[in-house]
Amino acid sequence: MPSQISVLFVCLGNICRSPTAEGVFRKKVADAGLTEQIFIDSAGTSAYHVGEPADQRSSQVAKEFGYDLSAIRSRKLVAEDGEKFDLIIAMDKANLNDMESLISSAYHDKLKLFLADYGSDNSTDEVPDPYYGGSQGFVNVVRLIEDASDALLAELEPQISAVKY
Ligand code: 4NP
């Protein structure tokens, strides 16, 4: 039994959606007292923004909802992430497709589509890319991610009890 469960959130640029997912899930995990038990990170399928902080609009909206993205810097997804993480969670289907190309098929059972696998709104299975849109898109991202994060945490909590005791 592993001593820790590790979760990696993935989008295209790792400056909007996956940093938001990292920040939201980190806060929910901390509020549940499980910071030591769940390792959380995020990455992008592209290298467009490597080393950059989260997009200003994502940071601002996240902050308004009570989430801090300030420590996050963009990094590119690497093949080694397939071995390192227990769950690798895509924001949209294009991300999932790219993840399947980069990560060995031995680890494909770890690859998830965030809203399809955890979201409660059956009408949408992708977190829409907010990068080229207006501020409402960033609010929508936070709401979708909060919902799926609750379900993800609820799924992991019993596994963590098994890890701890
Ligand atoms: P993200 O959003 O994948 O949610 O981080 C984007 C960020 C940057 C670009 C596209 C999407 N871009 O084309 O630079």
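If you want the working numbering, it's the 1-based position in the sequence shown plus 163.
Glycine included, C-beta positions come from ideal geometry on N, C-alpha and C.
The structure displayed is predicted, hence computed values, not measured ones.
The Cβ atoms of leucine 274 and aspartate 288 lie no closer than 8 angstroms to each other.
Apart from the 5 residues on each side of it in sequence, phenylalanine 301 sits with its Cβ closer than 7 angstroms to the Cβ of Arg220, Ser221, Val224 and Pro293 in its chain, given in chain order. Here aspartate 204 carries a strand assignment [DSSP, helix/strand/coil]. Per the coordinates, the alpha-carbon of tyrosine 211 lies some 17 angstroms from the alpha-carbon of leucine 265. For the ligand 4NP, no non-hydrogen atom lies closer than 7 angstroms to the CB of asparagine 303.
Under the DSSP definition of a beta bridge, alanine 195 lacks any partner. Taking 8 angstroms as the cut-off, the beta carbon of serine 237 is found closer than this to the beta carbon of glycine 214.
Arginine 220 sits in a helix when the DSSP states are folded into three classes.
In this structure, phenylalanine 202 and serine 169 form a Cβ contact; the two beta carbons are roughly 4 angstroms apart against a cut-off of 8 angstroms. At least one heavy atom of the ligand 4NP lies less than 7 angstroms from the C-beta of arginine 180. Taking 8 angstroms as the cut-off, the beta carbon of phenylalanine 188 is found closer than this to the beta carbon of leucine 315. Annotation for tyrosine 281 indicates a beta carbon at 7 angstroms or more from all heavy atoms of the ligand 4NP. Taken from the Cβ of glycine 176, at least one heavy atom of the ligand 4NP lies inside 7 angstroms.
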